[in-house]
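Report on the structure given below.
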Amino acid sequence: MSTQKTFEEPSYLEYKGKYKGIFSWILSTDHKRIALLYLFSLMTFFIVGATLGLLMKLELIAPGKTIITAQTYNAFFTLHGIIMIFAVVIPGLPAVFGNFLLPIMIGAKDVAFPRLNLLSWYFYVIGVSLVLISQFTGQGPPDTGWTFYAPYSFRTTGNMLPAVFGAFVLGFSSILTGLNFLVTIHRMRAPGMTWMKMPLFPWTLYATGWVQLLATPIIGITLLMIIAERTLHIGFFDPTLGGDPILYQHLFWTYSHPAVYIMILPAMGAISEIIPAFCHKTIFGYKFIVASSIAIAFVGYFIWGHHMFTSGMSGTALYTFSLLTFIVAIPSAVKVFNWISTMHKASIDLQTPFFWAVGFLFVFMIGGFSGLILGALAANIHLHNTHFVVAHFHFIVFGGTGYAFFGAMHYWYPKITGKMYDSRWANTGLIIFFLGFITLYGEMFFLGMRGMPRRYYDYDEIFHTGNIFSSLGAIVMYFGLAVIIINLIASLKNGIKAPSDPWGGKTLEWTIPSPPPVENFDEIPVITKGPYNYK
Amino acid sequence: MNMNMVTHRDDLASKTGMWLFLFTELLLFGGLFIVYSVYRYRNPIAFHQAAHELSVVIGTANTIILLISSTTIAMSITALQTKNKKLCLLLMGVTILLGLAFLVNKYFEWGAHFREHIYPGSSVLALRGHGDVLFYGLYFFMTGLHALHIIVGLVFILVIAVSIFKDRINSENYVLLENSGLYWHLVDLIWIFLFPLFYLIT
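This is the structure in structure tokens:
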């Protein structure tokens, strides 16, 4: 590993392009620099969102008003939702690690449309800025929740227009990224890299790309309709004008359920990279993982109705959506089975990314099983709109995507930065984070079961003990997060120089220096073997 | 910054990207078609009667205009391929004029409705009942969004025409012209659906 090939080209971090200083970043069309632009903006928004979450948990530490008023609480959960969903977990892994690694993993020099790629980042920043502007202008911040449910979203005096339009612009960013990746994967794979020789992370990005492309326009038009409703009073979803608010819910979830798979599929892809790398073993059932990604993307379109079991639907629709919800669990379970089987009889190298992957499996399974409980019609009636739902989707979205994101962060950190992180602090942070996470969200299952509704700043005295646990968990988790992030930042300075392949990975990104040169490859590699070619 | 961009050109990739983008446009209108179907199903009589009030003559004229403009933009691509720059620019000019003619028709059509106080949010329209409110709401929103696409398409074609005039796009390198053509066909295609939905099905 120490015999690193010397490349004539400078690394992408040192390369001097035509622009200087900050412009060499914000005007760069290099997929690696764009990935870092996304990483920094996304982490900033993530910290904002997490802080809002912490403040909400502090409010809930005792019944009655603790630190913020009801109206502020409503504004906080709205902003927390919009930022975390549209600006953090949806772009999350594709925009950061997809951008950085997709071209490298398929043996290309860049994505198919580098300038469009940069444009996506601008849309992203503009979108989030619009959402943030809505907080400080007009007659008070939006208070509808991130779902913008009709008819409240066009009746509230909150400043909805910038927030809704911001979400629309973020959708555009997502579509363009998906489109770019699809074309890149179709056209730019290295010679010899057939579809079945492509690593699994690009495969999941491919499935995700289709979901981004085919689902996002629906939310786009729905948000436009909300804007038209607010400004022109057209009557699409307004019952006083003949419109139907439930139709809004259908349209909204037609996108927003597939969006869950935009979040989780690339996370699964990252896990599929991490596990074989640290097991030093070929992934078990490669073809099944590929097929299950496609299956998830496909079936994911037809289950949006399970968000609306209590909204009013025909019995047939209820049964169908419930059945399909159970069916979509199967491909996810196939993946879990394959990951576990990969570990079977492997000589596992216990490193931080692997711990994140195992943590992912644990919380993802809890999240998945609680999803089945919610997908069951009878249980759903009881649990709908309670903290159980909050617990479920935080286990899946934060637990699933978040853990995979941090796993990927630690796994590819040496490649991206050229430095090794301090693994002792990384593991310490992980343990604190994990304990906080389980205490924070695990408790919510019990609170929800006993009937504590979501989205209220106040609650009955009987829920007090549980909420104390949950809020303390939030503080611990926030602290763990700080340890993790500070360690990663400090390691930029103090970390030892990373070799090109610190983990003994076999995919293409480990064949080039860390950090990669501007053009990625001196010579485009010719692929003859599968991606996980371990002994 | 990327040296490969200078040397590397992949027309098929550009065209694939354009097709994928057109999918998203179709789905954007797809959402509206769903809303239209639901409300048509719920208000059959109001939709039936309101559709009678639209001018089939202007609608038909606009359909013919767009169909011809689709032909001319397709012909302009062939013209460029056969290195006939002048003819290509002429055909693109005709396409732009036809697009403008479409918008002018639309302007008069909408103007007539506005004079009768039929527009979203008007009290006159509100008095006519929910079905009419929804029909005209959808009519203005969908044809409005479509008109917006016409404008975007015209700007797109205009930009390409300037590039052809300056020889930045030529018979060797015409994928952008093809893409603008594809976009224009999409705009045409969506109108082909809007026309019967609002004007013909009564």
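Residue numbers (the numbering used here), protein chains in the order written: chain A, 8 to 542; chain B, 442 to 643. The beta-carbon is built from N, C-alpha and C at its ideal position, and this holds for glycine as well. Predicted, not measured: the structure shown is a model, and the values here were computed from it.
Please report the straight-line C-alpha distance between A/V96 and A/L189, rounded to a whole angstrom. Locating residue 96 of chain A in the first sequence gives position 89, where the first residue counts as 1. Locating residue 189 of chain A in the first sequence gives position 182, where the first residue counts as 1. Using only the alpha carbons, I get a separation of about 20 Å.
Using DSSP with H/G/I as helix, E/B as strand and the rest coil, what is B/S563? Walking along the second sequence from the start, residue 563 of chain B turns up at place 122. Residue state, collapsed to three classes: coil.
CB contact below 7 Å: A/A235 versus chain B: As a first step, residue 235 of chain A is located in the first sequence; it is residue number 228 there, counting from the start. So, interface residue.
Can the beta-carbon of B/A487 be found closer than 7 Å to that of B/G572? Walking along the second sequence from the start, residue 487 of chain B turns up at place 46. Walking along the second sequence from the start, residue 572 of chain B turns up at place 131. Contact: yes.
Alpha carbon to alpha carbon, how far is A/K23 from A/Y45? As a first step, residue 23 of chain A must be located in the first sequence, where it is residue number 16. As a first step, residue 45 of chain A must be located in the first sequence, where it is residue number 38. One C-alpha to the other measures close to 20 Å.
CA-CA distance, A/P209 and B/L641? Walking along the first sequence from the start, residue 209 of chain A turns up at place 202. Walking along the second sequence from the start, residue 641 of chain B turns up at place 200. The straight-line gap from Cα to Cα measures roughly 47 Å.
Out of B/L575, B/G472, B/D451, B/I631, which one is the CA nearest neighbour of B/G594? By one-based count along the second sequence, residue 594 of chain B stands at place 153. Looking at the Cα atoms, B/I631 is the closest of the given residues.
Under the rule that 16 or more other beta-carbon atoms within 10 Å means buried, what is B/I592, buried or exposed? Position 151 of the second sequence, counted from the start, is the residue given in the question as residue 592 of chain B. Flag for B/I592 reads exposed.
Assess, as a yes-or-no matter, whether the stretch 356-365 of chain A is touched by the stretch 272-288 of chain A under the definition of 3 or more beta carbon pairs within less than 8 Å. yes
Here's the rule I'm using: 16 or more other beta-carbon atoms within 10 Å means buried, otherwise exposed. How should A/S136 be labelled? Locating residue 136 of chain A in the first sequence gives position 129, counting from the first residue. Exposed, by the Cβ-count rule.
Closer than 6 Å by C-beta to A/V297: which residues in its own chain qualify, once you throw out the five before and the five after it? Chain order, please. Here residue 297 of chain A corresponds to residue number 290 of the first sequence, with the count starting at 1. Same-chain partners within the cutoff: W210.
Whose C-alpha, out of A/F52, A/P17, A/V103, is nearest the C-alpha of A/R40? As a first step, residue 40 of chain A is located in the first sequence; it is residue number 33 there, counting from the start. When only C-alpha atoms are compared, the closest one is A/V103.
So with Cβ pairs under 7 Å, would you call A/K227 a contact of chain B? Indexing the first sequence from 1 puts residue 227 of chain A at position 220. Inspection of the sequence shows that residue 227 of chain A is occupied by Gly rather than by Lys. At least one chain B Cβ lies under 7 Å of A/G227.
Say whether chain A places a C-beta atom closer than 7 Å to the C-beta of B/F555. As a position in the second sequence, residue 555 of chain B is number 114, starting the count at 1. Not closer than 7 Å to any Cβ of chain A, the Cβ of B/F555 fails to qualify, so no.
Run the CB neighbour count on A/G114, radius 10 Å, all protein chains shown included, and call it buried at 16 or more, exposed below. Within the first sequence, numbered from 1, the residue matching residue 114 of chain A stands at position 107. That one is buried.
7 Å is my cut-off, CB to CB: does B/A454 come that close to chain A? The residue labelled residue 454 of chain B in the question sits at position 13 within the second sequence. Yes, its Cβ sits closer than 7 Å to a Cβ of chain A.
Under 6 Å Cβ to Cβ from A/F172, same chain only, skipping five residues before and after it: list those, please. Taking the first residue of the first sequence as position 1, residue 172 of chain A is located at position 165. So the qualifying residues of the chain are L137.
For a cutoff of 7 Å on Cβ pairs, would you count B/D451 as touching chain A? Stepping through the second sequence from its first residue, residue 451 of chain B is reached at position 10. Yes, contact with chain A.
State buried or exposed for B/Y624, treating a residue as buried only when at least 16 other CB atoms are found within 10 Å of its CB. For the purposes of this step, residue 624 of chain B is taken as residue 183 along the second sequence, with counting starting at 1. Counting Cβ neighbours within 10 Å, B/Y624 comes out buried, since at least 16 surround it.
If you draw a straight line from the C-alpha of A/L61 to the C-alpha of A/Y485, how long is it? Sequence index remark: in the first sequence, residue 61 of chain A carries index 54 (1-based). Sequence index remark: in the first sequence, residue 485 of chain A carries index 478 (1-based). Going from the Cα of A/L61 to the Cα of A/Y485 covers about 7 Å.
Contacts of A/L258 in chain B (Cβ-Cβ under 8 Å): For the purposes of this step, residue 258 of chain A is taken as the residue at position 251 of the first sequence. The contacting residues are G472, I475, V476.
What in chain B is Cβ-close to A/H290, meaning under 9 Å? Position 283 of the first sequence holds residue 290 of chain A. The residue you asked about is not His; residue 290 of chain A is Ile in the sequence shown. Per Cβ cutoff of 9 Å: no residues; A/I290 is ~29 Å from chain B at best.
Hey, does B/P485 have any beta-carbon neighbour from chain A nearer than 7 Å? Taking the first residue of the second sequence as position 1, residue 485 of chain B is located at position 44. No, B/P485 does not count as interfacial toward chain A.
Name, in chain order, the residues that DSSP records as bridge partners for A/K204. Indexing the first sequence from 1 puts residue 204 of chain A at position 197. Partner(s): none; A/K204 has no beta bridge.
Hey, does B/V574 have any beta-carbon neighbour from chain A nearer than 7 Å? Position 133 of the second sequence holds residue 574 of chain B. So, interface residue.
Kindly indicate which three-state DSSP category A/T10 falls into: helix, strand or coil? Reading the first sequence from its first residue, position 3 is the one you call residue 10 of chain A. For A/T10, the predicted model reports a pLDDT of 42, less than 50, meaning its position is unreliable; a value from the coordinates is still stated below. Three-state result, A/T10: coil.
Using a Cβ cut-off of 8 Å, pull out every chain A residue sitting near B/V479, in sequence order please. As a working mapping, residue 479 of chain B is identified with position 38 in the second sequence. Within chain A, the residues near B/V479 are D251, L254.
Mark A/T215 as exposed unless 16 or more other C-beta atoms lie within 10 angstroms of its C-beta, in which case mark it buried. Mapped onto the first sequence, residue 215 of chain A falls at position 208. So A/T215 ends up on the buried side.
Using a Cβ cut-off of 7 Å, pull out every chain A residue sitting near B/P637, in sequence order please. Working through the second sequence from its first residue, we reach residue 637 of chain B at position 196. Residues of chain A passing the Cβ test: none, with the nearest at roughly 20 Å.
Decide if B/P637 is buried, meaning its Cβ has at least 16 other Cβ atoms within 10 Å, or exposed. Taking the first residue of the second sequence as position 1, residue 637 of chain B is located at position 196. It counts as exposed.
Applying the criterion that 16 or more other CB atoms from any shown protein chain within 10 Å of the CB defines a buried residue, is A/H471 buried or exposed? Position 464 of the first sequence, counting from 1, holds the residue named residue 471 of chain A. Counting Cβ neighbours within 10 Å, A/H471 comes out exposed, since fewer than 16 surround it.
Can a CB atom of chain B be found closer than 7 Å to the CB of A/H240? On the first sequence, position 233 is the one that residue 240 of chain A refers to. So, interface residue.
Please classify B/V596: is it buried, with 16 or more other beta-carbons within 10 angstroms of its beta-carbon, or exposed? As a first step, residue 596 of chain B is located in the second sequence; it is residue number 155 there, counting from the start. Looking at its Cβ environment, which holds fewer than 16 other Cβ atoms inside 10 Å, B/V596 is exposed.
Assigned exposure category for A/T10 - 16 Cβ within 10 Å defines buried: Locating residue 10 of chain A in the first sequence gives position 3, where the first residue counts as 1. Residue placement at A/T10 is flagged as unreliable, the pLDDT there being 42, under the threshold of 50; a coordinate-derived value is accordingly withheld.
Inter-residue CB distance, A/F6 and A/G250 (contact presumed, cutoff 8 Å): Nothing about residue 6 of chain A can be read from this structure; chain A reaches only from 8 to 542.
Using beta-carbon positions only, say whether A/I182 and A/T229 come within less than 7 Å of one another. Within the first sequence, the letter at position 175 stands for residue 182 of chain A. Within the first sequence, the letter at position 222 stands for residue 229 of chain A. Taking 7 Å as the Cβ cut-off, A/I182 and A/T229 do not qualify as a contacting pair.
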